[in-house]
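Chemist:
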Amino acid sequence: CPLGFFTSNCTLTNYEICKVFSCDGTFSFEDVLGMASIFSDRASPRLKAEYAFYIYDLNEDGFIDKEDLQSIIRHLLNTDYLNKEDLIALTTRILGEADLIQDNMLSLAEFEHAMSKSSDFMQ
1 CPLGFFTSNC TLTNYEICKV FSCDGTFSFE DVLGMASIFS DRASPRLKAE YAFYIYDLNE
61 DGFIDKEDLQ SIIRHLLNTD YLNKEDLIAL TTRILGEADL IQDNMLSLAE FEHAMSKSSD
121 FMQ
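Just so you know, we're using the UniProt record's numbering here: the sequence shown kicks off at 1 and counts up by one.
So, in structure tokens, the structure goes:
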């Protein structure tokens with residue numbers, strides 16, 4: 001990882017977390033405190049959803065698109081061996097449920113709306 005903190009075993013999520021919470025390209029103690037604050041039980045679900053959105057917007061275009069979703073799915077399932085048809089079907093299903101304006105990508109508002117329906121996320 002170019003951000004220093006997660007150098008030995010950098011994964012997609014580690015890098016994205018570093019990128020979202022770091023102000024200057026390094027991961028400082030203040031950045032760790034900020035991250036802990038966002039993911040604490042006291043932080044609002046809306047704030048958590050906003051930061052999760054920025055972490056999952058891998059190409060930083062302001063949306064979670066099909067490519068972002070496919071990378072996230074591969075990472076969360078911890079596999080590169082998911083066949084293409086299953087990956088496309090899963091991506092299509094997620095977008096079908098969460099993409100309110102049917103533009104094949106999730107805006108921050110659509111992502112927040114989808115997360116508000118998830119009891120696991122809202123805790």
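We put the beta carbon where it would ideally sit given N, CA and C, even for glycine.
Note the first and the last residue of the continuous alpha helix (DSSP H) segment covering E112.
Modeler: 108-116
Chemist: Pull the bridge partners of D65 from the DSSP assignment, please.
Modeler: M105.
Chemist: Quick check on this structure: which residue in F29, I101, L76 has the alpha carbon closest to the alpha carbon of R90?
Modeler: It is Leu, not Arg, that sits at residue 90 in the sequence shown. Among F29, I101, L76, the Cα nearest to that of L90 is on L76.
Chemist: The alpha helix (DSSP H) with T91 in it runs from where to where?
Modeler: 84-98
Chemist: Compute the distance between the beta-carbons of D41 and L106, then report whether it is under 9 Å.
Modeler: The answer is no: Cβ separation not under 9 Å.
Chemist: Skipping 5 residues on each side, what residues in its chain have a beta carbon closer than 7 Å to that of I38?
Modeler: L47, K48, Y51
Chemist: Does the beta-carbon distance from Y54 to I72 come in below 9 Å?
Modeler: Taking the C-beta atoms as reference points, I72 is found no nearer than 9 Å to Y54.
Chemist: Just verifying my parser: in three-state terms, what is the DSSP assignment at N59?
Modeler: coil
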